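Student: Before anything else, here's the structure in question.
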């Protein structure tokens, strides 16, 4: 899903013009920031002006940033490397033994859906030094790359595969000579998208203590000491680093894949056989339960902190307190789903509208797409606390955070879908007197629906995670808040049960989208 | 598909990989301890700090720098920092990641629910510095004034606000608790009427921006908690008694030095232990000086640093009961016996500390 290809679809451009667009998007963001800072001036400078932030950034200088930047980059780079290596290896396995593909991607999905907010403190208790930060970062990477690579590997041209097979090629040779090549565009898109994910995992890990340097560590410090310009400076550095990584990989990808620039990476489709999906979920749930159990024993976690699957089952279903425990979790979950849905709907609808606009109005795409790419490369959740200072801590705050987390990836994916709409079809509608609205309604939107499903899949786990984090940091109600307060109240039964419930709900939502997608395809005879 | 062209084009990819690998290689690894020789064979001492490595752990820095831990028989010291979303100190102590951690008795009591008894063997601060810092115009001067107000409370302090409300017979539904991550902007921006804040850092920061505030220790509102207490597992008090006692001697020596020389304490935090944190020297010194009266009370001047008087223990037990934990007995939770032995054997450690603060 090369965004660059997407940008250049409209008309070919010289690199200089592209640079100009990125720069103007950047300037636009600066101006908006400056205006917001003016609006908040009476409130004690909770949103500092750009100039003050840059001045502070320069006066803090390299001596302040060097150790912290290197520490965070070190964690993120290791997490990035491990996460991607594991994902690529697993992806290769799925190509050789396609039976386990739904199974493996479900395992990765489960891992991605576990609320890191809640398991972070347990990881830190179990692992020394910077290992937890690396693990968090790698987990954030794993799912994104694995699902892209698995999709890419499945996209190989059947005719080419048949040629290799007819000459007696083994599964490994088919992978090496055919599938791997077809998967490269998806792989590079994943390598690019996982840069902010790796960074975010590392920064979040640094909130968990243990380490004495890192951007996350100094960000916490700066907020506590009311060094607001410094805090924003740290965030600027995070964004900058993330964008650089994203841009470098984009560049590498484009150079490497020049031969494939007309290649349209397809969509990750769920397996059309429903039972395969069900098997994947049940199998991966069993496997992960096993890993959870063995992991606890192997790491030697004290039983009052590390609860086993049996403990969680007993907490929820056995004994006198279990009914109350279930009721309380159900109440929290209802709040959390409500928190999630508002932002999710807003983000999704806005994404569809903006994508429609961008697909039809060139100037809008020129302005908006670069900003969206910059903002998607931003570890948004790391800056959530500063966001809440500006927008408050009620339902609006949750909706905004979830909306943002959903909007940017969804917008870019859906826009891509609209860009591939065949122009002749639109022209037919217009030739018969249909206006722009009619052609959008009859051609562009229907053509983009598979991409909308894809966007739903990508953003649903993010939306739930966003809601949990917003509840923790802003509203203080719902599952997110309960999970965190159960840690300081030393109620680890509640914590583990909550983690299980949140994970299962996230996976279920994802599966519902898959099923809806499969049914849609059946009804429309698409596959 | 032209292979040579792809190989040539692969160069940038290799470059990126190499860059990643080099960043990976030069990133600082996990902190190793200092020396490794000497000692009575206690090995490495692992201590879980309450928060990041700032001046509030400076007694430990002195003990490390001046070799007091080595004198006590430890080969090296590993200081485990806390943080924004860190695991509780109790879980690190229970897990055995640290021999002892700096914690409040209320958290130690909470761990009893999970069936892991923890014991407090001494407290640095005789009263918690947790305070309601309210906007001067909010009109909060007593506990009853909290009714109808919005209070910013950090995750770790949810039990504290519960106890304050309970102690004063206030219906929790009448006070709005706002989750708060420790940034004083929430008060400056008038999002809340008051924050329930741990450190005096906030007052320094608020002074700095010229915000008018009022600070009431929770003790003023009837809640008494000691804090920065030495928390150990009950079974290590039995099995590692000598080790804990030796470490406590080093801690006493270190903290006597720190309180006598807050300037140097700030320097250690700034230049050695919290080097990357971007700390401010004068602020660090002021933080220690503004909390020194919680270390040096009439009780501790008479009985020695960290001593927990019967009166303090009783007050603390009441507060713990008010926070809803009733199944802990005071003799299980508090144990002065190590301090009693130490001060009996080394009376010189008991002499009053001469505070090194200017005013």
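Residue numbers (this note's numbering), protein chains in the order written: chain A, -6 to 520; chain B, 3 to 361. Virtual Cβ for every residue (Gly too), placed ideally from N, Cα, C. Computed from a predicted model, the values in this text were never measured in an experiment.
Please identify, using Cβ separations under 8 Å, the residues of the stretch 308 to 326 of chain A that lie next to chain B, in order along the chain.
Tutor: Going along the stretch 308 to 326 of chain A in chain order, one finds no residue with a Cβ nearer than 8 Å to chain B.
Student: Using the beta-carbon of each residue, which ones in chain B are nearer than 8 Å to residue 386 of chain A?
Tutor: The contacting residues are 180, 181, 193.
Student: Classify residue 295 of chain A as helix, strand or coil using the three-state DSSP reduction.
Tutor: If DSSP states are grouped into helix, strand and coil, residue 295 of chain A belongs with coil.
Student: Show which residues of chain B have a CB atom less than 8 Å away from the CB atom of residue 465 of chain A.
Tutor: Under the 8 Å cutoff, chain B gives 157, 181.
Student: For residue 51 of chain B, name the three-state secondary structure that DSSP assigns.
Tutor: Note: residue 51 of chain B maps to coil in three-state DSSP.
Student: Which residue wins for smallest C-alpha separation from residue 107 of chain B, given the options B:323, B:99, B:135?
Tutor: Cα-wise, what sits closest to residue 107 of chain B is B:323.
Student: In chain order, which continuous runs of the alpha helix (DSSP H) of length 4 or greater are located wholly inside the stretch 99 to 169 of chain A?
Tutor: Qualifying alpha helix (DSSP H) stretches, in chain order: 109 to 119, 124 to 146, 151 to 159, 164 to 167.
Student: With three or more C-beta pairs closer than 8 Å as the rule, is the stretch 149 to 169 of chain B touching the stretch 447 to 456 of chain A?
Tutor: No: the two stretches stay apart, fewer than three of their Cβ pairs being nearer than 8 Å.
Student: Tell me residue 45 of chain B's beta-bridge partners as DSSP assigns them.
Tutor: B:76, per the DSSP bridge assignment.
Student: Do we get a CB-CB distance below 8 Å when we pair residue 45 of chain B with the residues of chain A?
Tutor: Cβ-Cβ to chain A under 8 Å: no for residue 45 of chain B.
Student: Thinking residue 142 of chain B and residue 180 of chain B are a contact (beta carbons under 8 Å), I'd like their distance in whole angstroms, please.
Tutor: Wrong, their Cβ atoms sit about 15 Å apart, outside the cutoff.
Student: Residue 230 of chain B by DSSP, collapsed to three states: which one?
Tutor: Residue 230 of chain B: strand per DSSP, three-state reduction.
Student: Who pairs with residue 301 of chain A in a beta bridge, going by DSSP?
Tutor: In DSSP, residue 301 of chain A forms no bridge with anything.
Student: Report the rounded CA-to-CA distance for residue 257 of chain B versus residue 135 of chain B, giving the unit in angstroms.
Tutor: Straight-line Cα distance between these residues: approximately 28 Å.
Student: Any Cβ of chain D within less than 8 Å of the Cβ of residue 517 of chain A?
Tutor: Reference to chain D is not applicable here, since the protein chains of this structure are A and B.
Student: Candidates A:182, A:151, A:181, A:476: which alpha carbon is nearest residue 171 of chain A's?
Tutor: Per the Cα distances, A:151.
Student: As a quick exercise: from A:109, A:244, A:409, pick the residue whose alpha carbon is nearest that of residue 352 of chain A.
Tutor: Ranking A:109, A:244, A:409 by Cα distance to residue 352 of chain A puts A:409 first.
Student: Measure the CB-CB distance between residue 234 of chain B and residue 102 of chain B and report whether it falls below 8 Å.
Tutor: Against a cut-off of 8 Å, the Cβ pair of residue 102 of chain B and residue 234 of chain B comes out as a contact.
Student: Output yes or no for whether 8 Å exceeds the beta carbon distance between residue 437 of chain A and residue 349 of chain A.
Tutor: Closer than 8 Å, so yes.
Student: Once DSSP output is grouped into helix, strand and coil, what is the label at residue 215 of chain B?
Tutor: Strand at residue 215 of chain B.
Student: Could you say which of B:148, B:184, B:196 lies nearest to residue 173 of chain B if we only look at CA atoms?
Tutor: Of B:148, B:184, B:196, the residue nearest in Cα terms is B:148.
Student: Is there a Cβ of chain B sitting closer than 8 Å to that of residue 304 of chain A, yes or no?
Tutor: No, residue 304 of chain A does not count as interfacial toward chain B.
Student: So, with DSSP's three-state summary, where would you put residue 388 of chain A?
Tutor: The answer is helix: DSSP assigns residue 388 of chain A an H, G or I state.
Student: Hey, quick one: how far does the beta strand (DSSP E) through residue 102 of chain B stretch, first residue to last?
Tutor: Segment 102 to 105, the beta strand (DSSP E) holding residue 102 of chain B.
Student: Based on Cα-Cα distance, which residue from B:94, B:130, B:308 lies nearest to residue 344 of chain B?
Tutor: When only C-alpha atoms are compared, the closest one is B:308.
Student: Using 8 Å as the limit for Cβ to Cβ distance, is residue 200 of chain A near chain B?
Tutor: With 8 Å as the cut-off, residue 200 of chain A counts as an interface residue toward chain B.
Student: Tell me which residue opens and which closes the beta strand (DSSP E) that residue 197 of chain B is part of.
Tutor: Segment 196 to 199, the beta strand (DSSP E) holding residue 197 of chain B.
Student: Anything in chain A within Cβ reach of residue 89 of chain B, meaning under 8 Å, just list it in chain order.
Tutor: Ordered by position in chain A, the residues that pass the 8 Å Cβ test against residue 89 of chain B are 114, 115, 117, 118, 201, 202, 480.
Student: DSSP three-state label for residue 334 of chain A, please.
Tutor: In the structure shown, residue 334 of chain A sits in a helix (DSSP, three-state: H, G or I).
Student: Tell me which same chain residues have a C-beta within less than 8 Å of the C-beta of residue 427 of chain A, skipping the five on either side of it?
Tutor: Excluding sequence neighbours, residue 427 of chain A sits near 435.
Student: Measuring alpha carbon to alpha carbon, tell me which of A:181, A:197, A:116, A:208 ends up nearest residue 55 of chain A.
Tutor: Checked all of A:181, A:197, A:116, A:208; the closest Cα to residue 55 of chain A is A:208.
Student: Short check: CB of residue 85 of chain B to CB of residue 63 of chain A, under 8 Å?
Tutor: Not closer than 8 Å, so no.
Student: Would you check if the stretch 104 to 111 of chain A and the stretch 132 to 149 of chain A touch, i.e. whether three or more CB-CB distances between them fall below 8 Å?
Tutor: The stretch 132 to 149 of chain A, when compared against the stretch 104 to 111 of chain A, does touch it at the 8 Å Cβ threshold.
Student: For the stretch 53 to 82 of chain B, list every residue whose C-beta sits within 7 Å of some C-beta in chain A, in sequence order.
Tutor: Going along the stretch 53 to 82 of chain B in chain order, one finds 54, 55, 82 with a Cβ nearer than 7 Å to chain A.
Student: Do you know whose CA, among A:301, A:178, A:278, A:314, lies nearest residue 251 of chain A's CA?
Tutor: That would be A:178, whose Cα lies nearest to the Cα of residue 251 of chain A.
Student: Can you tell me whether DSSP reads residue 347 of chain A as helix, strand or coil?
Tutor: Residue 347 of chain A: helix per DSSP, three-state reduction.
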